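Report on the following structure.
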Amino acid sequence: MAVAVCVVLFVCRFFLHWLGMIPYLALLVLIVVCLLDYFILFAVREGIFARRTMAERLSNGDENPIRIDFENRYALPVHLEVIDEIPHQFQRRDVLFELDLQPKQQKHLEYHLRPVKRGVYEFGDIRVFVNSVLGFFKRRYTLGEGVEVPVYPSYLQLRKYQLMAISNRLNEAGVKKIRRFGHSMEFEQIKEYVQGDDYRTLNWQATARRGQLMVNTYSDEKSQQIYCVIDKGRVMKMPFEGMSLLDYAINASLVLSNVALMKQDKAGLVTFAEGIGTFVKADKKALQMQYILETLYNQKTRYLESDFERLYSNCLTYNTELNGVLTSPAETTESIYTKAIAEQFVLEKKQIVKELNRYGIMSILTAPADLTVQALNKYLEIKARNLI
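Everything in the sequence shown is counted per UniProt numbering, starting at 1 for the first residue and increasing by one.
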């Protein structure tokens, strides 16, 4: 803009001789201001400080906070344009931020990233472009350090359900309160009867000895072996809201294993496709959860059909996007065929669940996004009914 003003003044001087030295003075002022702006930006060796802060590992399928801290080491206010070089897996080109800093001021910005694949993600540098209040020049800083961060199964989801389980708030996440059927066989103690105790647990011999009503109390049977069996076959590569069905199963298995350990049960893991893949023996040792987490981190989909017969001899997949096909009107020949196939898939899944239930195998038919809650509900139901 200032250069344009100088050009206009020089053009006008050809017609308006009374302007005299004004265009030259304007040009001189422009040169002085530019030199001053250059000096302001480049006289300070490290005028801007920036540092990226985040967790040592990211949680798959969750919004992970990324924080960048800034400090203005200039003696004047500056305007920053910040480009954070995020991993290529996110395929985003909009991680551009602008902020103003007063002299010696510290400030931070925060944004979130949601990975949908496990693996190693590489962050690059932090590119900062600085303008002074004069705005004639822009200085680029390359700050921060490139860093590789692993993306693990959803440990944020694990922590959320763990905290809810500790504080008995699982119902807030959709986990049902299951009515207990009967009693487990693990005797705990004999105590005095209080209002609300089940009269069926009265201990008549202890009542006779003490001269007052006494009841038996029982605790949940512990150290039951809880195995999460994960299908890694070709169909589990199918995406749902950006994440594969395998990753939904992995996240649900992680949470379920943790809750089982909190219930004093033993948690284990089995993966399979055309054959048996990983096997983690059920245990409740202190490092079992970390071992399961590390094992789940390395699981990948196999591009072969799953062999359920082999799984059975050695020791469900569902796509809710079918609902959109089923409910949408079929207006073309192609859409009619697509809808027919979708209805057949849904029917087959319901038949599989019915057949499994007929043989006493409890199963869940649910949307991937609801798998964690439904798996917890089923586990707690089984636990309450003393079926394990």
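Every residue gets a Cβ at the ideal spot worked out from N, C-alpha and C, and that includes glycine. Note that the coordinates shown come from a computational prediction; the quantities given were computed from them, not determined experimentally.
A249 has its alpha-carbon roughly 10 Å from the corresponding atom of D370. With a contact defined as Cβ atoms closer than 8 Å, L101 and P77 qualify at about 7 Å. In this structure, the CA atom of N60 is about 49 Å from the CA atom of Y199. In the DSSP assignment, D100 falls within the unbroken beta strand (DSSP E) covering L96 to L101.
Exposed is the label assigned to V120, since fewer than 16 other Cβ atoms lie within 10 Å of its Cβ.
Considering only S223, V280 and E305, the residue with the shortest C-alpha distance to E294 is V280. Burial is judged here by how many other beta carbons sit within 10 angstroms of a residue's own beta carbon; L35 has fewer than 16 and is exposed.
DSSP places Q225 in no alpha helix (DSSP H) but in the uninterrupted beta strand (DSSP E) bounded by Q225 to D231. Residue pairing of N357 in beta bridges, as defined by DSSP: absent, with no partner found. As the crow flies, the alpha-carbon of I292 is around 38 Å from that of R127. Beyond the five residues adjoining it in sequence on each side, Q288 comes within less than 7 Å, by CB distance, of L261 and A267 in the same chain, given in chain order.
Contact between the region 230 to 249 and the region 135 to 144 is absent, with fewer than three C-beta pairs closer than 8 Å.
Taken atom to atom, the span from the alpha-carbon of P65 to that of L158 is near 17 Å. With a beta-carbon spacing of about 6 Å, R73 and V44 fall inside the 8 Å limit used to define contacts.
Nearest to R310 by alpha-carbon distance, out of I382, Q290 and G233, is G233. Collapsing the DSSP output to three states places I292 in a helix. Per DSSP, Y74 lies in no beta strand (DSSP E) segment and is marked neither H nor E. By the neighbour-count criterion, in which 16 or more other beta carbons inside 10 Å mark a residue as buried, R302 falls on the buried side. Taking a C-beta distance under 8 Å as the contact criterion, S154 and L254 qualify as a contact pair.
When only Cα atoms are considered, D265 and I226 end up about 7 Å apart. Sequence-distant Cβ neighbours of R114 in its own chain, meaning closer than 6 Å and more than five residues away, are E63. Counted as a single uninterrupted DSSP element, the stretch harbouring A367 is not any alpha helix (DSSP H), since DSSP gives it neither H nor E. In the assembly as shown, Y379 is a buried residue. Its beta-carbon has 16 or more other beta-carbons within 10 Å.
For D84, the pairing in a beta bridge is given by DSSP as I126. A direct Cα-Cα distance of roughly 19 Å separates N251 from H112. By the beta-carbon neighbour count (other beta carbons within 10 angstroms, threshold 16), Y359 is exposed.
Assignment of R302 by DSSP, reduced to helix, strand and coil, places it in the coil class. By the neighbour-count criterion, in which 16 or more other beta carbons inside 10 Å mark a residue as buried, F123 falls on the buried side. Comparing C-alpha distances from V215 to each of R209, E192, E85 and Y161 shows the shortest one belongs to E192.
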